[in-house]
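K.L.:
Residue numbers (the numbering used here), protein chains in the order written: chain Z, 309 to 1252; chain A, 8 to 276.
1) Is the stretch 622 to 634 of chain Z touching the stretch 580 to 592 of chain Z in the sense that three or more CB pairs, one from each, lie closer than 8 Å?
2) Is the Cβ-Cβ distance between residue 465 of chain Z and residue 353 of chain Z less than 8 Å?
3) Beta carbon of residue 1004 of chain Z, beta carbon of residue 1117 of chain Z: below 8 Å?
4) Compare the Cα-Cα distances from residue 336 of chain Z to each of Z:1244, Z:654, Z:865 and report the closest residue.
5) Could you confirm whether any beta carbon from chain A is found closer than 8 Å to the beta carbon of residue 408 of chain Z?
6) So, do the stretch 1220 to 1236 of chain Z and the stretch 1244 to 1252 of chain Z have three or more beta carbon pairs nearer to each other than 8 Å?
7) Is the CB of residue 707 of chain Z under 8 Å away from at least one CB in chain A?
8) Could you name the residues of the stretch 372 to 383 of chain Z whose beta carbon sits closer than 9 Å to any beta carbon of chain A, in the order they occur along the chain?
9) Of all the CB atoms in chain A, is at least one closer than 8 Å to the CB of residue 938 of chain Z?
10) Residue range of the beta strand (DSSP E) that residue 646 of chain Z falls in?
11) Here's the rule I'm using: 16 or more other beta-carbon atoms within 10 Å means buried, otherwise exposed. How should residue 24 of chain A be labelled?
12) Which residues, taken in chain order from the stretch 10 to 26 of chain A, show a beta carbon closer than 7 Å to some beta carbon of chain Z?
13) Please confirm if residue 48 of chain A has its CB atom under 8 Å from at least one CB of chain B.
14) From this set, Z:1193, Z:1077, Z:1134, which residue's C-alpha is nearest residue 659 of chain Z's C-alpha?
15) Could I get the ranges of all uninterrupted alpha helix (DSSP H) runs contained in the stretch 1004 to 1035 of chain Z, with 4 residues as the minimum, in chain order?
16) Could you tell me whether any Cβ in chain A is nearer than 8 Å to the Cβ of residue 363 of chain Z?
17) Going by DSSP, what residue range makes up the beta strand (DSSP E) through residue 967 of chain Z?
18) Taking the alpha-carbon positions, what's the residue 96 of chain A to residue 151 of chain A distance?
19) Between the stretch 816 to 825 of chain Z and the stretch 704 to 713 of chain Z, do three or more beta carbon pairs fall short of 8 Å?
20) Note the first and the last residue of the continuous beta strand (DSSP E) segment covering residue 519 of chain Z.
21) Enumerate in chain order the residues of its own chain whose CB-to-CB distance from residue 1181 of chain Z is below 6 Å, with the five nearest sequence positions on each side excluded.
22) Measuring alpha carbon to alpha carbon, tell me which of Z:936, Z:785, Z:902, Z:1148 ends up nearest residue 1035 of chain Z.
23) Give me the DSSP bridge partner(s) of residue 1234 of chain Z.
24) List the residues of chain Z that residue 229 of chain A touches, going by C-beta distances under 9 Å, in chain order.
25) At 4 residues or longer, and completely inside the stretch 1078 to 1154 of chain Z: list those alpha helix (DSSP H) runs for me, N to C.
26) Using only alpha-carbon positions, find the residue among Z:321, Z:422, Z:1109 that is nearest to residue 355 of chain Z.
27) Starting from residue 27 of chain A and walking both ways along the alpha helix (DSSP H), at which residues does that stretch end?
28) 8 Å is my cut-off, CB to CB: does residue 600 of chain Z come that close to chain A?
29) Alpha carbon to alpha carbon, how far is residue 764 of chain Z from residue 621 of chain Z?
30) For residue 894 of chain Z and chain A, any beta-carbon pair shorter than 8 Å?
31) Could you tell me which of A:244, A:34, A:140 sits nearest to residue 232 of chain A, measuring between CA atoms?
32) Give me the Cα-Cα distance between residue 1113 of chain Z and residue 939 of chain Z, rounded to the nearest whole angstrom.
33) Compute the Euclidean distance between the alpha carbons of residue 65 of chain A and residue 166 of chain A, then round it to the nearest angstrom.
34) What is the DSSP secondary structure of residue 838 of chain Z, reduced to helix, strand or coil?
35) Counting only beta-carbon separations shorter than 8 Å, does residue 139 of chain A have a partner in chain Z?
36) Against residue 252 of chain A, what residues of chain Z qualify as contacts under a CB-to-CB distance less than 9 Å, listed in chain order?
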């Protein structure tokens, strides 16, 4: 068995990663690093001669125009260089490159090899060992998934498995009985904690009572299954709980299920006929045209992204795409909303055990890009929000839209159908992901929960995606769901409900490597897997289809009508639970909630109100608003996402003369429907909790899609709450409060919610045991049908002489219809919603995008429409305050007063934004576009 | 009734712009068909059925070992003779983005038998994936049949992380021109440069602004940008500002016309 080490180094002039390392080192305060070289490390082990390795290098690696390749037998590698750091994955972490290398070696006829990969950093300059260690730990290596060595690293090989033929099956392994009888409350709680079950005392007692009633102890498989099935992540206990809520007037209300009584109640009241499925399946579904439906789902992946930003965001996107595959649709668009801590946070203020917000952002963006780009799904809409409250707990919301022929998604497995697992193999990845995400992050979580974080293998999912749409069209399955949190236990458990039973053999589950015990196989959250229910007559056809696409499909059991979930290992039952207990045995939570009395105001809201209270320096006010990270251009992130693939992005994230104006929403025309010009728009609203937010997030998302030309009567929305500790009454009170306002807003807009998800326990426990809650965040995602994409509207100014109007839709639902009508008649040249920022910002963005000026000569106060506290009413607030439900419209003609448009001024050739030129002294605002653009792009003096 | 030429669009694991390419070829007058590489490998389909061959964009095999490298290995392992036959029989072949990367790594482009591995496509100078619109100038005297007769700028998106075209470093070029003086001279002397980034839109610091090259015979074109994603005016980022020019469709029309023997005035090199 020989073991070789191959080093592939780009030519110095092409070593862009080395250049990046130098730059990042400087932001960490290490100025002595003068040059860094970054090489790929490939390790191969097997029955290989030197000439075999030479051939491998020549055939697979040599590319003399790009880099040089050297290899040596392990042990003969160059002497440890104190200025080099080598990084490799921890054992068990997904390494797609190593898998491809073994596959390719076999393709060129080499003996079977084991492969591993790593990265080598050679650091030059005046550096102390402490500085090199610092760079290794803070920049080059993430200890959650990687390890590093100074000098040379020894690889940890994964057992090579031929993707196409071999199959590695479990050899059995241990199952333990865990007796609960005799455990007191303390003992039950301790057990829940040591096994990472995240079950409450009440829940543990219910399990104890159940097993006492059937007179036996649970197995570890059963206990783990219940912990997953009953986790906050899977069953959303808090949103289903009975809540005793003290409202702002001190009155107590009993809320019988928060979701049911707010969000879902709004959907039921609106009762839109084009909503095909809301809140019941993996995603919400609406009608598109006469033949096709659109599905939409948004998920969060916060905890994993805090620990391993790339892998966390990567698998977050992968997971939500599988949700869409789980409703038999082809994924066609991705959205992402990201919340980070301040990018310039001094390192000494970083909470213990957390990654710097800059590193989190870098990793998250790369992770989102990697999955979406590789699957060929355009990432088209999103938002980025910075707040110090997200330093230890960044938020990653990932959304996916899918398209499927109406009626093509089967939802009921029958007894006798096979249980088929399809796609990636099962490993020790992500164990306890569901329960871990339901718990607080602590300063040492990275060490305990390392296995909960994983890295995706997008190409495997791409092939699975292709197989599923074809299997759907050939009607080869009767039910489908994705393997997400809880792995097979959740997926198979859910699917077993319809036929009312299942019998699974874990020994048949294909594994990545040996050594997994039964509960690990059953609970593993290995990515890129789907579970299908397949009638035995279709099994051969499905297997052949999968073979054509190199997708592994394995029968692991049969659905039954026994009322039981039976899990076996080599024939012997390791779990035997009644579905009734799994479904109904969970004690209902009772919680107390109090609406926070104190005014909660975020640093960003404070910044905004300070700005509009500044009555003197209006030019500076506008420039500082434009250059605020929450308003400034997000181009550095968005251009890393492929937003053009599938060739259907009619309105792109950036619009205007130089493609740099922020579009209100993306508009897409699906490849599947070339026969007409219908499309859909995607918009996003985000609000952090304060005593009046919630309504505005819904407005923002809806106004986003209306601004680009969506039909106001064909918009659906999704809710995603990311909150702190729900056992804290004020935290829960805030959640109740914002959920009520969001539901109220949806009802007022007659816009139904079709799907939602909550992520709770986004808290961080510091070393001194104090628990910090994140600023509660509500993200609303809107999808709106655009009847004719060629009539879609962008926000950039078009023509000098056109007239600028304001449109206020507060309390005036019919004005949406009026605006939509004007757009359809071609009278609107540009439209921009004002929710995000203020009127002055909206006008400035329109100027930047259109490279034209605006001269505002009329005060909107001339048409009094007061919707806010008259005592605070000041002119500057009108221009700089947050004005929900307003649009700025560039009209091609003079608009008759019947349209309730408030005339403000005109588009000018003169490239300046001028507000109130006749004002006493000087105009309120008078700035050239070049200055506005520099601020908006944070260039020159606006950088940082 | 004439039958449309069959444009075979190769799909390997990770290919993702095959649907986009199929739509462009269809609009250009061909009959597109997406064929999985496994079907060719197993012999249920053969390359000689096709009049046009397309290697579309995507991330074949996840870009492992370098973008296009493992797709190139497939071409070399499973289709070597058939592909040589296809190329030498003067049929049009186009590799877009990942397809271009595969053609270069399989040494089909620039296609110099006496000088293998003369070019490569490496990480963008900015160090990451870039999605943006670029302007492409067809080279007037190029031998490429796909750009034959094209004089107007094509506008279309790029979407890649490894699209920086470099030549083997035999001697440094003057400032701003990248690497490989001799190889660049040879490309120019052979009129193999088919498309260049115009008006400062080079998104990745490619040598001499090269966006696409062809083989010496002119029937094989490889390019990083995606003309297949600008075949309708509504795909243009400024379509709401009245932009209608710069369609990428013309390029596919030229390829189809050639396959039909209708490309006027095209003189084989």
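Beta carbons are placed, not taken as given, at the ideal position from N, Cα and C, and that holds for glycine.
The structure presented is a predicted model; accordingly, all values stated were derived computationally and were not measured.
P.N.:
Reading it off the structure:
1) Flag = yes, the stretch 580 to 592 of chain Z and the stretch 622 to 634 of chain Z touch.
2) To locate residue 465 of chain Z, count along the first chain from 1; it is residue 157. To locate residue 353 of chain Z, count along the first chain from 1; it is residue 45. The Cβ-Cβ distance between residue 465 of chain Z and residue 353 of chain Z falls below 8 Å.
3) The residue you call residue 1004 of chain Z lines up with position 696 of the first chain. The residue you call residue 1117 of chain Z lines up with position 809 of the first chain. Taking 8 Å as the Cβ cut-off, residue 1004 of chain Z and residue 1117 of chain Z do not qualify as a contacting pair.
4) Mapped onto the first chain, residue 336 of chain Z falls at position 28. Z:654 is the residue among Z:1244, Z:654, Z:865 whose C-alpha sits nearest the C-alpha of residue 336 of chain Z.
5) As a position in the first chain, residue 408 of chain Z is number 100, starting the count at 1. Chain A contact via Cβ: present.
6) Touching, no, given that fewer than three Cβ pairs across the two stretches are closer than 8 Å.
7) Residue 707 of chain Z sits at position 399 when you count from the first residue of the first chain. No, residue 707 of chain Z does not count as interfacial toward chain A.
8) Cβ contacts with chain A: 372, 373, 374, 375.
9) By one-based count along the first chain, residue 938 of chain Z stands at place 630. No, residue 938 of chain Z does not count as interfacial toward chain A.
10) Numbered from its first residue, the first chain carries residue 646 of chain Z at position 338. Where residue 646 of chain Z is concerned, the enclosing beta strand (DSSP E) stretches over 638 to 648.
11) Start at 1 with the first residue of the second chain, and residue 24 of chain A comes out as number 17. Counting Cβ neighbours within 10 Å, residue 24 of chain A comes out buried, since at least 16 surround it.
12) If you check each beta-carbon in the stretch 10 to 26 of chain A against every beta-carbon of chain Z, the ones closer than 7 Å belong to 20, 21, 23, 24, 26.
13) In the structure shown, chain B cannot be found, because the protein chains are Z and A.
14) Position 351 of the first chain holds residue 659 of chain Z. The candidate whose alpha carbon is nearest that of residue 659 of chain Z is Z:1077.
15) If we require 4 residues or more, the stretch 1004 to 1035 of chain Z turns out to have no alpha helix (DSSP H) run fully inside it.
16) Against the first chain, residue 363 of chain Z aligns to sequence position 55. So, not an interface residue.
17) Within the first chain, numbered from 1, the residue matching residue 967 of chain Z stands at position 659. For residue 967 of chain Z, there is no enclosing beta strand (DSSP E), as DSSP gives it neither H nor E.
18) For this step, residue 96 of chain A is matched to residue 89 along the second chain. For this step, residue 151 of chain A is matched to residue 144 along the second chain. For residue 96 of chain A and residue 151 of chain A, the gap between their C-alpha atoms comes out near 15 Å.
19) Contact between the stretch 816 to 825 of chain Z and the stretch 704 to 713 of chain Z is not established, with fewer than three Cβ pairs separated by less than 8 Å.
20) The residue you call residue 519 of chain Z lines up with position 211 of the first chain. Judged by DSSP secondary structure, residue 519 of chain Z falls outside any beta strand (DSSP E) and instead within the alpha helix (DSSP H) spanning 509 to 521.
21) Here residue 1181 of chain Z refers to the residue found at position 873 when the first chain is read from its first residue. Confidence at residue 1181 of chain Z is low in this model, with a pLDDT of 43, below 50, so the placement of that residue is unreliable and no value is reported for it.
22) Counted from its first residue, the first chain places residue 1035 of chain Z at position 727. Of the candidates Z:936, Z:785, Z:902, Z:1148, the residue whose Cα lies closest to the Cα of residue 1035 of chain Z is Z:902.
23) In the first chain, counting from the first residue as 1, residue 1234 of chain Z sits at position 926. For residue 1234 of chain Z, which the question treats as bridged, DSSP gives the partners Z:1222.
24) As a position in the second chain, residue 229 of chain A is number 222, starting the count at 1. Within 9 Å Cβ-Cβ: nothing; residue 229 of chain A doesn't reach chain Z, min ~14 Å.
25) Correct list: 1122 to 1132.
26) The residue labelled residue 355 of chain Z in the question sits at position 47 within the first chain. Distances from the alpha-carbon of residue 355 of chain Z to those of Z:321, Z:422, Z:1109 put Z:422 closest.
27) Here residue 27 of chain A refers to the residue found at position 20 of the second chain. Where residue 27 of chain A is concerned, the enclosing alpha helix (DSSP H) stretches over 25 to 34.
28) If you number the first chain from 1, residue 600 of chain Z lands on position 292. Using beta-carbon distances, residue 600 of chain Z does not count as an interface residue toward chain A, since no partner is under 8 Å.
29) Indexing the first chain from 1 puts residue 764 of chain Z at position 456. Indexing the first chain from 1 puts residue 621 of chain Z at position 313. CA-CA distance, residue 764 of chain Z to residue 621 of chain Z, rounds to 9 Å.
30) Counting from 1 along the first chain, the entry for residue 894 of chain Z is found at position 586. With respect to chain A, the C-beta atom of residue 894 of chain Z has no partner C-beta closer than 8 Å.
31) For the purposes of this step, residue 232 of chain A is identified with residue 225 of the second chain, where counting begins at 1. When each option's Cα is compared against that of residue 232 of chain A, the closest is A:140.
32) Taking the first residue of the first chain as position 1, residue 1113 of chain Z is located at position 805. Taking the first residue of the first chain as position 1, residue 939 of chain Z is located at position 631. Rounded to whole angstroms, residue 1113 of chain Z to residue 939 of chain Z spans 22 Å at the Cα level.
33) If you number the second chain from 1, residue 65 of chain A lands on position 58. If you number the second chain from 1, residue 166 of chain A lands on position 159. Their Cα atoms are separated by approximately 9 Å.
34) By one-based count along the first chain, residue 838 of chain Z stands at place 530. Strand at residue 838 of chain Z.
35) As a working note, residue 139 of chain A is residue 132 in the second chain. A Cβ of chain Z is located within less than 8 Å of the beta carbon of residue 139 of chain A.
36) Taking the first residue of the second chain as 1, we reach residue 252 of chain A at position 245. By Cβ distance, chain Z contributes nothing, its closest Cβ being about 15 Å from residue 252 of chain A, past 9 Å.
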